[in-house]
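Scroll down for the structure; my scribbles are underneath it.
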Amino acid sequence: HRLSRSEMKQVLASAWSPTRQRKLGGILLFCEPCLRASLADLSRYLPAASVVNRLYVPALNRRRTEAYLNYRIRTAGHLSAPPFTERQLDQIHTASRGLPGWINGEAYMTLRRILAAERQARHNEDIGMEMAPHGAQAA
29 HRLSRSEMKQ VLASAWSPTR QRKLGGILLF CEPCLRASLA DLSRYLPAAS VVNRLYVPAL
89 NRRRTEAYLN YRIRTAGHLS APPFTERQLD QIHTASRGLP GWINGEAYMT LRRILAAERQ
149 ARHNEDIGME MAPHGAQAA
């Protein structure tokens, strides 16, 4: 989260006019688990007529992290086998702590590394073919 406490207070207060009339239908905030107490504290500054519903989604375990990534990859159109190894899935889960937004970021970086390695392998293969004597196959 990148908002200061005073900025968060302003966001929550923006649903109400200075006369305490509701301006917005609602505000939906997504945040990391560590902000629960802060949001609960800030909700004290809202008018008494405010309704604050909180839905806490627990972090995904390793198995659900894999299922989540497989779902996201399939919906993106990747129809062959999932691109991540078990080790990569473990690393994504550990680094992200099971938080979906962080899982997305870790998976993105892992996919970039996979793509870079594949490009390098193709490049090395192309160089090997160029350096092989004419008519010979590179080992």
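Per our numbering, residue 29 is the first one in the sequence shown, and the count goes up by one each step.
Built from N, CA and C at the ideal position, the CB exists for glycine as well.
What separation, rounded to the nearest whole angstrom, lies between the Cα atoms of Thr138 and Pro61? 24 Å
Since Ile23 is in the alpha helix (DSSP H), which residue starts that stretch and which ends it? This structure cannot speak to residue 23, because the chain is shown only from 29 to 167.
Using only the alpha-carbon positions, how far apart do Ala144 and Arg64 sit? 38 Å
Enumerate in chain order the residues of its own chain whose CB-to-CB distance from Gly133 is below 8 Å, with the five nearest sequence positions on each side excluded. Ser124
Count the other CB atoms within 10 Å of the CB of Thr122; is the residue buried (16 or more) or exposed (fewer)? exposed
Taking the straight line between their C-alpha atoms, what separation do you get for Asn89 and Ala95? 10 Å
Burial state of Ile190 (16 or more Cβ within 10 Å): Lying before the first or after the last residue shown, residue 190 is absent from the chain, which here runs from 29 to 167.
How would you write the range of the alpha helix (DSSP H) that Leu70 sits in, first residue to last? 64-70
Quick one: using the 10 Å Cβ neighbour count with 16 as the cut-off for buried, is Leu107 buried or exposed? exposed
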